[in-house]
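Colleague: Before anything else, here's the structure in question.
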Amino acid sequence: MARFINLYSGSSGNCTYIRTPDVRLLFDAGRSALFLKRSLESVGERIEDINAIFITHEHTDHTSALKVILKKNPLPVYAAKETAGRISGIMANGACGKLICYDETFEMRFGDTVVTAFRLSHDSDSCVGYRIDFVEDGVARSFGLMTDTGYVTDDARKALTGCEAVMVESNHDVEMLRYGPYPEILKERILSNRGHLSNWDCSVFCRELADTGTRCFMLAHLSEENNFPSIARTQSEGMLEGTGATVCVACPDTPTVLI
Ligand SMILES: [Zn+2]
Ligand SMILES: [Zn+2]
-17 MARFINLYSG SSGNCTYIRT PDVRLLFDAG RSALFLKRSL ESVGERIEDI
33 NAIFITHEHT DHTSALKVIL KKNPLPVYAA KETAGRISGI MANGACGKLI
83 CYDETFEMRF GDTVVTAFRL SHDSDSCVGY RIDFVEDGVA RSFGLMTDTG
133 YVTDDARKAL TGCEAVMVES NHDVEMLRYG PYPEILKERI LSNRGHLSNW
183 DCSVFCRELA DTGTRCFMLA HLSEENNFPS IARTQSEGML EGTGATVCVA
233 CPDTPTVLI
C-alpha cells in the first residue's frame, strides 16, 4: 500500500517519506542521520530500503542529515542544478551516493511512478516542490508536497491541481509574526515573496485544491515562534468547510501519517 508520511517538519528539520508500489523515496533530509533513521524505523521502514532522496533546496533544515546518510548508504540524490551546486561539497566529502542534477521542471520515472519537480519562490538559489504520480491496483493516484515558498507559484498551482493528497506549508500567522520577537529584517524576509507561506495563503490554496479534487491535506513547516498548530488548522479547516477534505498538522519531532 502507498504511504505518505511526514517524518518531521519545521525549522529544526524536514523529511517526508513516500512509498508507491514501485519505489520508496525521501524528500529532504534535515536534522541528523540518526534522527532520520529512527523516525523511519518508528513507522516500520528502513533507510536501507530507500531508493532515492529528492532535495527541495539547500537550506540546512532540508539537507543537514545528508552527509552522514550518504557515508553509509549509496543513494542517488536528486536536486535542481543550482541546489546541487550548493550541496555538492557534501557529496564530494567521502559520500558514496550519487548527485543527479536536473532542470527545475524535470520528471523522473521509477517504473510506473513519476516524480515531477515544479518551481517555488524562496530565498535560496532555487527551490522546488514535487508531485508524485503512480498507479496502484489499476488506479491512478497522485501526491504532492510544497514547502518553503513566499507565494503559490503558477507552476505549483498547475502541478498540484488534481492531487489526491497534498502537504502544504502553513508557516506563520501574519499577526503573530508582525507583533512577535523577530528582528524587522527577518520579519520582512519571511513575509516577502521569497519567504514562507502564511496560514491564510495556505488555507486559500487548500480550498482551491479541494475544489479540484484534493481530499487530504497536511499543514507543514509551521514556525515555532509565529504559529500554533491549532491556529493553522482552524484557519484551513474553516476555509475547507463543506468540501469534505481532511486536515492534519505535521509534528516537528514525530511522524505524521497523511496516507
Ligand atoms: Zn528554506
Ligand atoms: Zn525550510
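The opening position of the sequence shown corresponds to residue -17 in our numbering, with each subsequent residue numbered one higher.
Glycine included, C-beta positions come from ideal geometry on N, C-alpha and C.
Would you mind sorting Tyr60 into buried or exposed? The rule is 16 or more other CB atoms within 10 Å of its CB.
Modeller: What you label residue 60 is simply residue 78 of the sequence shown in a count that begins at 1. By the 10 Å Cβ count, Tyr60 comes out buried.
Colleague: Where does His154 sit, in a helix, a strand or coil, going by DSSP?
Modeller: The residue labelled residue 154 in the question sits at position 172 within the sequence shown. Strand, per DSSP.
Colleague: Quick check: is any heavy atom of ligand 2 less than 7 angstroms from the C-beta of Thr194?
Modeller: The residue labelled residue 194 in the question sits at position 212 within the sequence shown. No, ligand 2 has no heavy atom inside 7 angstroms of this Cβ.
Colleague: Please classify Ser24: does DSSP put it in a helix, a strand, or coil?
Modeller: Locating residue 24 in the sequence shown gives position 42, where the first residue counts as 1. Of the three classes helix, strand and coil, the one that applies to Ser24 here is helix, per DSSP.
Colleague: From what residue to what residue does the alpha helix (DSSP H) around Ile172 run?
Modeller: As a working mapping, residue 172 is identified with position 190 in the sequence shown. Per DSSP, Ile172 belongs to the alpha helix (DSSP H) from 166 to 173.
Colleague: Identify whether Arg189 lies in helix, strand or coil by the three-state DSSP scheme.
Modeller: Position 207 of the sequence shown, counted from the first residue, corresponds to residue 189. Reduced to three states, the DSSP call for Arg189 is helix.
Colleague: Quick check: what's the CA-CA separation for Cys233 versus Cys83?
Modeller: In the sequence shown, counting from the first residue as 1, residue 233 sits at position 251. In the sequence shown, counting from the first residue as 1, residue 83 sits at position 101. Their backbone Cα atoms lie some 30 angstroms apart in a straight line.
Colleague: Please write down, chain order preserved, every residue whose beta carbon lies under 6 angstroms from a heavy atom of ligand 1.
Modeller: Checking every Cβ against the heavy atoms of ligand 1 under 6 angstroms gives His39, His41, His104, Ser106, Asp130.
Colleague: To the nearest angstrom, how far is the alpha carbon of Asp10 from that of Glu151?
Modeller: To locate residue 10, count along the sequence shown from 1; it is residue 28. To locate residue 151, count along the sequence shown from 1; it is residue 169. Using only the alpha carbons, I get a separation of about 14 angstroms.
Colleague: Can you give me the start and stop residues for the beta strand (DSSP E) that Asp245 sits inside?
Modeller: With the chain represented from -17 up to 241, any question about residue 245 goes unanswered, as that position is not in the structure.
Colleague: Would you say Asp43 touches ligand 2, meaning its beta carbon is less than 7 angstroms from a heavy atom?
Modeller: Position 61 of the sequence shown, counted from the start, is the residue given in the question as residue 43. Checking every heavy atom of ligand 2 against the Cβ of Asp43, one is found closer than 7 angstroms.
Colleague: Does the beta carbon of His203 fall short of 7 angstroms from some heavy atom of ligand 2?
Modeller: Translated into positions along the sequence shown, residue 203 becomes position 221. Yes, the beta carbon of His203 sits closer than 7 angstroms to at least one heavy atom of ligand 2.
Colleague: Under 8 angstroms by Cβ, that's how I've got Asp(-16) and Glu118 pegged, so tell me the actual separation to the nearest angstrom.
Modeller: Stepping through the sequence shown from its first residue, residue -16 is reached at position 2. Stepping through the sequence shown from its first residue, residue 118 is reached at position 136. It should be noted that the sequence gives Ala, not Asp, for residue -16. Ala(-16) to Glu118, Cβ: 6 angstroms. Contact.
Colleague: Taking the straight line between their C-alpha atoms, what separation do you get for Leu16 and Glu166?
Modeller: Locating residue 16 in the sequence shown gives position 34, counting from the first residue. Locating residue 166 in the sequence shown gives position 184, counting from the first residue. Spanning the two alpha carbons is a distance of roughly 35 angstroms.
Colleague: Should Asn208 be counted as a contact of ligand 2 given a C-beta to heavy atom distance under 7 angstroms?
Modeller: As a position in the sequence shown, residue 208 is number 226, starting the count at 1. No, the Cβ of Asn208 stays beyond 7 angstroms of every heavy atom of ligand 2.
Colleague: Would Ser14 and Val50 be called neighbours here (beta carbons separated by less than 8 angstroms)?
Modeller: Locating residue 14 in the sequence shown gives position 32, counting from the first residue. Locating residue 50 in the sequence shown gives position 68, counting from the first residue. Yes, the pair counts as a contact, with Cβ atoms nearer than the cut-off.
Colleague: Please determine if the region 178 to 191 and the region 208 to 226 are in contact, where contact requires at least 3 C-beta pairs separated by less than 8 angstroms.
Modeller: Verdict: yes, contact present.
Colleague: Does DSSP put Ser180 in a helix, a strand or coil?
Modeller: For the purposes of this step, residue 180 is identified with residue 198 of the sequence shown, where counting begins at 1. If DSSP states are grouped into helix, strand and coil, Ser180 belongs with the strands.
Colleague: In the DSSP assignment, find the alpha helix (DSSP H) that holds Asp43 and state where it starts and stops.
Modeller: Residue numbering aside, residue 43 sits at position 61 when the sequence shown is read from its first letter. Asp43 -> alpha helix (DSSP H) spans 42 to 45.
Colleague: Rounded to the nearest angstrom, how far is the Cβ of Leu3 from that of Phe116, given a contact under 8 angstroms?
Modeller: Indexing the sequence shown from 1 puts residue 3 at position 21. Indexing the sequence shown from 1 puts residue 116 at position 134. Leu is not the amino acid found at residue 3; the sequence shown has Pro there. Sure, about 7 angstroms apart at Cβ, within 8 angstroms.
Colleague: Does the distance between the C-beta of Asn33 and the nearest non-hydrogen atom of ligand 2 fall short of 7 angstroms?
Modeller: Residue 33 sits at position 51 when you count from the first residue of the sequence shown. Result no, Cβ not under 7 angstroms from ligand 2.
Colleague: With hydrogens ignored, establish whether the beta-carbon of Asn(-4) is closer than 7 angstroms to any heavy atom of ligand 2.
Modeller: Working through the sequence shown from its first residue, we reach residue -4 at position 14. True, at least one ligand heavy atom lies under 7 angstroms from that Cβ.
Colleague: Can you tell me the Cβ-Cβ gap for Glu40 and Ile69, rounded? I've got them flagged as a contact below 8 angstroms.
Modeller: Within the sequence shown, the letter at position 58 stands for residue 40. Within the sequence shown, the letter at position 87 stands for residue 69. The Cβ separation is near 6 angstroms, so the contact holds.
Colleague: Per DSSP, what kind of secondary structure is Glu118 in: helix, strand or coil?
Modeller: Position 136 of the sequence shown holds residue 118. Residue state, collapsed to three classes: strand.
Colleague: Go through its chain and collect everything with a Cβ distance to Thr98's Cβ below 6 angstroms, but skip five positions before and after it.
Modeller: Position 116 of the sequence shown, counting from 1, holds the residue named residue 98. Answer for Thr98: Glu89, Arg113, listed in chain order.
Colleague: With DSSP collapsed to three states, give me the class of Gly(-5).
Modeller: Counting from 1 along the sequence shown, the entry for residue -5 is found at position 13. Three-state DSSP puts Gly(-5) in coil, outside helix and strand.
Colleague: Grouping DSSP H, G and I as helix and E and B as strand, with all else coil, what is Glu30?
Modeller: Taking the sequence shown and counting its residues from 1, one reaches residue 30 at position 48. Residue state, collapsed to three classes: helix.
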